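Asks: Line by line, the protein sequences give chains H and V.
Note that the numbering used here has the first sequence beginning at 1, numbered continuously upward.
Note that the numbering used here has the second sequence beginning at 251, numbered continuously upward.
Built from N, CA and C at the ideal position, the CB exists for glycine as well.
Quick caveat: nothing in here was measured; it's all calculated off a predicted structure.
Here it is, the structure in full.
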Amino acid sequence: MSAHIPVSTFKPYRGEKARLARAYDYLILVLALFLFIGSFHLHFALTVGDWDFWVDWKDRQWWPLVTPLIGITFPAAVQAVLWDKFRLPLGATLCVTALLLGTWVTRVFAYHYWNYFPINMVLPATMLPGALVLDALLMLTNSLTITSIFGGAAFALLFYPSNWPIFGMFHQPVEYANSQLTVADLFGFQYIRTGMPEYLRIIERGTLRTYGQYATPLSAFCSALLCSLMYPLWWHIGKWFASTRYLTKI
Amino acid sequence: MKTHFKTWLLALIGLTVLSGLPMSSAQAHGEKALEPFIRMRTIQWYDVQWSTQKFNVDDEVSVSGKFHVAEDWPISVPKPEASFLNISTPGPVLIRTERYLNGKPWVNSVALQPGGDYEFKVVLKGRLPGRYHIHPFFNLKDAGQVMGPGAWLEIGGAASDFSNTIKTISGEAIDMESFGLSNGIFWHLFWGLLAAAWLIWWVCRPLFISRYRMLEAGLEHELVTKNDKLIAKLILVGVPVLVLVLNEITANRYPDAIPLQAGLDQILPLPAQVNAGTVNVDTLKAEYNVAQRSMVLQVKVDNRSQSPVRIGEFSTSNVHFLNPALSLSGVMTGDNDITSPGLSIDDDKPIEPGEQRVVTLIARDAAWESEKLDGLIRDADSRIGGLLFLYDELLGQRYISSISAAVIPKFS
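What follows is the structure, encoded as C-alpha cells:
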C-alpha cells in the first residue's frame, strides 16, 4: 500500500509546505551522500579491495572483470529507489561519485599521509562514464530489462577504456634487474608493502587466453554478461529496501 | 544519580590523565606469533648483517645474509613454491632498489627448494627520516611470515632530500614520486565535473516529496522534460564515443605498453653450505626440560674433515646458543636476536678427523620461553629444527649441519 493521490485532488505544495519539502530534500541529500560514501566505499574496499588500491594490481584480466561487477551493485539498488519512487535518474552517478569521494579521502589521508605511499601508486579507478550511461539509459527506456542488458553491459565495457587514459602510462616497460617490468610493477617492488608480497597479487591468472593476447576484451565481455545479471539482482534488493508500505498520507 | 556522576567524572579524569602519559608506538612485527615449528623448520637464517644502521634520506643501505631452507619442512605448511623476501617496515619509509638471491637480481616471487642454501642481498634507500625497527623476512605463500633478525635503523636528513628517478625502455626519465599523478587527477576531475553537472541538473529542482506526490498522482510525464531527454541522449551517445576516442589516443601515445608482469623467478640453490658432507650430524633424540627451560639434544657427529672440530653454536629461530668454551666473535646476529652462552656439551673435546662421536648438547636459556619456542611441545607438530655450527679452530673453517628431531617434553 502506498499514498495514492488522485490526480483530480492533486495540488502542488506552495509556501511553507514547499519550503519544508525543499529543506527535507537537502537533508536527505546530505545524509544520502554520507551514507553512500561510507557504505559503498566499505563494500567496495572489502570486495574489489586490492584491485582498486594498487596500481600494480590493475591487470587486464581480473581488474576489468571484478571492478564493474562489484561497482554496479549499489548503483542498481539506489536507481531502483530513486527512479521507481521519484523518477530521479541519478542513482548510479550519485553512488559512484560518493564512492570516489570516499576513495580519494582514504587514498590521500590513510594511504599517503598515514602510510607514506605516493598517491600515484594508489590512484583509484573511475566508473563515472558507465554510471552516466546507466542513468541516461534508465531514464530514456524506463525499462529494467533494457537497462539490465544494455546498461549493465555498457557499465562493464566502458570501464577499461575509460581508465586507460589514467593508467596506460603505468604500463610502459622498464628494464630493471635483468627483466622487463611495467612502471606499475616497479611501484610494487620498490615501495615496500610488508603484508603484500608479490605472489598475493591475483593478476593474470586464468584461462582467458583463447584469442591470443586479447585478454581484456574477453574479460570485459565476461564482466558485461555478469553485470547484466548483477544489475537486476541488486535492483530488487534496492526495491526491497524502498518500501512505502507504511506511507499512507502525504 | 550523584553516584553515577562521580563515577563518570572519575572515569573521565582517569582517561584524560592516561591520554597525557607518554606512549611508545608498537615496534614488533609478530615475530613470536607464528607457531614455533614453522619458525624453526622453514627458513633458517644466519650471517645476516646490515651495511650500516645510521644513514640519511636518499642514501643506500643493504642487508645481506644467508638462509637454509629446512629439509624437514613441516607437513602442514605448503611447500615454498612461491616465496617473497620482504622487509618489514612501517610503510615505505625506505624503498627497495635492488634485491639479489645467490647473486642474481630478482623482483618477483621465487620457488625455494627444501634443503637448499641461499644467500641474499637487499639494497634499500632511505625515504623518510626516523628510527625504525626493520627485519628481513620471508612471506611464504599460505604459511605466513618468517622473520629474520631485526635491527634498528636511524634515517637522518629531510624527507624532501629523497628522489627516485627511473628510465623507461624508451629512455624517458620519470620521477616515481609524482609520475602520472597530475594526469590521474585531471581525468578524475574531468569525469567528476560531468557527473556533478548531471547531479546538479536534477538536484536544482524539487526532489523527493514533491516528485513522489506527482508520481503517485499519475503526473509522471511532467517529471522528465524534453530537455532532460535530450541531455540523456547526448550522454548515451557522447560518453561512449568520448571514452573510446580517449582510449584510442592513449593507446597511440603508449604503443609499447605491456601487461603487468606476473612471472615466478626460478633461482637454483647454491652448492650445499649446510649438510655439505664434510662433517655430518645426525640427531638421535631431543628432549625439552620444561622446568629447566633447556633443550637436550643427543647427536652423532661424524667428522670426515682433515682437522679436529668443536661444536660452537646451536641456532634456531634467531636464538643463538653459544658454547662459552669457544670465542665466537664472528657470530653475526641482529639487534633483536637472543645470544646466549647457554650451550653446554657433555664431551667438549675436539672431535678428531675420522671420528664418530655421540654427544649430548644442552641449550639452556629463558629464551625458550620468552621467544615462545617452548610452545612446540603443545603443538600439533612438535619437531624441532635448527642449525648446528662446528668449527675447525686450526684452519678457521666452519661446518653447518641442520638439526631435526621430534621433541619429548620432560616436566621435572
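Do you know how far the Cα of residue 460 of chain V is from the Cα of residue 18 of chain H?
Replies: One-based indexing of the first sequence puts residue 18 of chain H at position 18. One-based indexing of the second sequence puts residue 460 of chain V at position 210. Those two C-alpha atoms are separated by around 8 Å.
Asks: In whole angstroms, what separates the C-alpha of residue 566 of chain V from that of residue 632 of chain V?
Replies: To locate residue 566 of chain V, count along the second sequence from 1; it is residue 316. To locate residue 632 of chain V, count along the second sequence from 1; it is residue 382. Between residue 566 of chain V and residue 632 of chain V, the C-alpha separation is close to 14 Å.
Asks: Cβ closer than 8 Å: which chain V residues qualify as neighbours of residue 281 of chain H?
Replies: What is shown of chain H runs 1 to 250, which leaves residue 281 of chain H out entirely.
Asks: Could you spell out where the alpha helix (DSSP H) holding residue 19 of chain H opens and where it closes?
Replies: As a working mapping, residue 19 of chain H is identified with position 19 in the first sequence. It spans 15-47 - the alpha helix (DSSP H) in which residue 19 of chain H sits, taken as one unbroken run.
Asks: Following the continuous beta strand (DSSP E) through residue 608 of chain V, name the residue where it begins and the one where it ends.
Replies: For the purposes of this step, residue 608 of chain V is taken as the residue at position 358 of the second sequence. 606-614 is the extent of the beta strand (DSSP E) around residue 608 of chain V.
Asks: Taking only runs that begin and end inside the stretch 284-327 of chain V, name each unbroken alpha helix (DSSP H) of 4 or more residues, in chain order.
Replies: Listed in chain order, they are 286-290.
Asks: Which residues of chain V have a Cβ atom closer than 8 Å to the Cβ of residue 154 of chain H, listed in chain order?
Replies: For the purposes of this step, residue 154 of chain H is taken as the residue at position 154 of the first sequence. Per Cβ cutoff of 8 Å: 490.
Asks: Alpha carbon to alpha carbon, how far is residue 51 of chain H from residue 1 of chain H? Give it in angstroms, no decimals.
Replies: Numbered from its first residue, the first sequence carries residue 1 of chain H at position 1. Numbered from its first residue, the first sequence carries residue 51 of chain H at position 51. Unreliable placement is indicated for residue 1 of chain H, whose pLDDT of 47 sits below 50; the coordinate value is still reported in the next sentence. The straight-line gap from Cα to Cα measures roughly 43 Å.
Asks: With 16 as the cutoff for other CB atoms within 10 Å, does residue 287 of chain V come out buried or exposed?
Replies: Taking the second sequence and counting its residues from 1, one reaches residue 287 of chain V at position 37. Label assigned to residue 287 of chain V: buried.
Asks: Three Cβ pairs or more, each shorter than 8 Å: is that satisfied between the stretch 310-319 of chain V and the stretch 84-98 of chain H?
Replies: No, the stretch 310-319 of chain V does not touch the stretch 84-98 of chain H.
Asks: Quick one: does residue 664 of chain V have its CB under 9 Å from some CB of chain H?
Replies: With chain V covering 251 to 662 only, the question about residue 664 of chain V has no answer from this structure.
Asks: Mapping DSSP to helix, strand and coil, what is residue 173 of chain H?
Replies: Indexing the first sequence from 1 puts residue 173 of chain H at position 173. Correct three-state label for residue 173 of chain H: strand.
Asks: Can you tell me whether residue 530 of chain V is helix, strand or coil according to DSSP?
Replies: Your numbering for residue 530 of chain V matches position 280 in the second sequence. Correct three-state label for residue 530 of chain V: strand.
Asks: Using a Cβ-Cβ cut-off of less than 7 Å, give me the residues of the stretch 49-70 of chain H that come near chain V, in sequence order.
Replies: If the cut-off is 7 Å between Cβ atoms, the stretch 49-70 of chain H has 56, 59, 60 near chain V.
Asks: Residue 133 of chain H and residue 457 of chain V: beta carbons closer than 9 Å?
Replies: To locate residue 133 of chain H, count along the first sequence from 1; it is residue 133. To locate residue 457 of chain V, count along the second sequence from 1; it is residue 207. Taking 9 Å as the Cβ cut-off, residue 133 of chain H and residue 457 of chain V do not qualify as a contacting pair.
Asks: Does the separation of the CB atoms of residue 338 of chain V and residue 387 of chain V fall below 9 Å?
Replies: In the second sequence, counting from the first residue as 1, residue 338 of chain V sits at position 88. In the second sequence, counting from the first residue as 1, residue 387 of chain V sits at position 137. Yes, they are a contact pair.
Asks: Looking at chain H, which residues of the stretch 428-451 of chain V have a Cβ within less than 8 Å of any of its Cβ atoms?
Replies: Hits within the stretch, in order: 428, 429, 430, 431, 433, 434, 437, 438, 441, 442, 444, 445, 446, 448, 449.
Asks: Can you tell me which of V:302, V:598, V:453, V:403 puts its alpha carbon nearest to the alpha carbon of residue 640 of chain V?
Replies: Along the second sequence, read from residue 1 onward, the residue named residue 640 of chain V stands at position 390. Checking every option, the nearest Cα to that of residue 640 of chain V belongs to V:598.
Asks: Within 9 Å of any Cβ in chain H, is that where the Cβ of residue 402 of chain V sits?
Replies: For the purposes of this step, residue 402 of chain V is taken as residue 152 along the second sequence, with counting starting at 1. It does not: the Cβ of residue 402 of chain V has no partner Cβ on chain H nearer than 9 Å.
Asks: Assuming residue 654 of chain V contacts residue 638 of chain V under a Cβ cut-off of 8 Å, what Cβ separation, rounded to an integer in Å, is found between them?
Replies: Position 404 of the second sequence, counted from the first residue, corresponds to residue 654 of chain V. Position 388 of the second sequence, counted from the first residue, corresponds to residue 638 of chain V. Residue 654 of chain V to residue 638 of chain V, Cβ: 11 Å. No contact.
Asks: Give every residue of the same chain whose Cβ lies closer than 6 Å to the Cβ of residue 656 of chain V, excluding the five residues on either side of it in the sequence, and list them in chain order.
Replies: The residue labelled residue 656 of chain V in the question sits at position 406 within the second sequence. So the qualifying residues of the chain are 633.
Asks: Here's the rule I'm using: 16 or more other beta-carbon atoms within 10 Å means buried, otherwise exposed. How should residue 254 of chain V be labelled?
Replies: What you label residue 254 of chain V is simply residue 4 of the second sequence in a count that begins at 1. That one is exposed.
Asks: Can you give the Cα-Cα distance for residue 303 of chain V and residue 342 of chain V, rounded to whole angstroms?
Replies: For the purposes of this step, residue 303 of chain V is taken as residue 53 along the second sequence, with counting starting at 1. For the purposes of this step, residue 342 of chain V is taken as residue 92 along the second sequence, with counting starting at 1. Roughly 17 Å between the two C-alpha positions.
Asks: Taking 9 Å as the threshold (beta carbon to beta carbon), is residue 133 of chain H in contact with chain V?
Replies: Position 133 of the first sequence, counted from the start, is the residue given in the question as residue 133 of chain H. For residue 133 of chain H, the answer is yes, since a Cβ of chain V falls inside 9 Å of its Cβ.
Asks: Using 8 Å as the Cβ pair cut-off and three pairs as the minimum, do the stretch 502-510 of chain V and the stretch 166-180 of chain H touch?
Replies: These segments touch.
Asks: If we ignore side chains and look at the alpha-carbon of each, how far apart do residue 128 of chain H and residue 447 of chain V end up?
Replies: Position 128 of the first sequence, counted from the first residue, corresponds to residue 128 of chain H. Position 197 of the second sequence, counted from the first residue, corresponds to residue 447 of chain V. If I take the Cα positions, the gap works out to 12 Å.
Asks: Measuring CB atoms only, is the stretch 158-168 of chain H touching the stretch 510-521 of chain V, in the sense that at least three cross pairs come out at less than 8 Å?
Replies: In short, these stretches do not touch, since the Cβ pair count stays below three.
Asks: In three-state terms, what does DSSP make of residue 622 of chain V?
Replies: On the second sequence, residue 622 of chain V is found 372 positions in, with the first residue counted as 1. It is coil, neither helix nor strand.
Asks: Under three-state DSSP, which class holds residue 190 of chain H?
Replies: Here residue 190 of chain H refers to the residue found at position 190 when the first sequence is read from its first residue. The answer is helix: DSSP assigns residue 190 of chain H an H, G or I state.
Asks: With a threshold of 16 other CB atoms inside 10 Å of the CB of residue 443 of chain V, please say whether the residue is buried or exposed.
Replies: Within the second sequence, residue 443 of chain V is the residue found at index 193, counting from 1. By the neighbour-count rule (16 or more Cβ atoms within 10 Å), residue 443 of chain V is not buried but exposed.
Asks: Kindly give me the distance between the Cβ atoms of residue 137 of chain H and residue 147 of chain H, rounded to whole angstroms, as I take these residues to be in contact under 8 Å.
Replies: By 1-based counting over the first sequence, the position of residue 137 of chain H is 137. By 1-based counting over the first sequence, the position of residue 147 of chain H is 147. Residue 137 of chain H to residue 147 of chain H, Cβ: 5 Å. Contact.
Asks: Can you tell me whether residue 637 of chain V is helix, strand or coil according to DSSP?
Replies: As a working note, residue 637 of chain V is residue 387 in the second sequence. DSSP places residue 637 of chain V in strand when its eight states are reduced to three.
Asks: Could you work out which residue in V:540, V:531, V:517 is closest to residue 548 of chain V when comparing CA atoms only?
Replies: Mapped onto the second sequence, residue 548 of chain V falls at position 298. For the residues V:540, V:531, V:517, the minimum Cα distance to residue 548 of chain V belongs to V:531.
Asks: Run down chain V in chain order and give the residues with a C-beta less than 7 Å from the C-beta of residue 22 of chain H.
Replies: Stepping through the first sequence from its first residue, residue 22 of chain H is reached at position 22. Ordered by position in chain V, the residues that pass the 7 Å Cβ test against residue 22 of chain H are 456.
Asks: Could you check what DSSP says for residue 1 of chain H in three-state terms: helix, strand or coil?
Replies: Here residue 1 of chain H refers to the residue found at position 1 when the first sequence is read from its first residue. Interpretation of residue 1 of chain H is limited by its pLDDT of 47, a score under 50 that renders its predicted location unreliable; no figure is taken from the coordinates.
Asks: Is any beta-carbon of chain H found at less than 9 Å from that of residue 354 of chain V?
Replies: Here the question's residue 354 of chain V lines up with position 104 in the second sequence. By this cut-off, residue 354 of chain V is an interface position.
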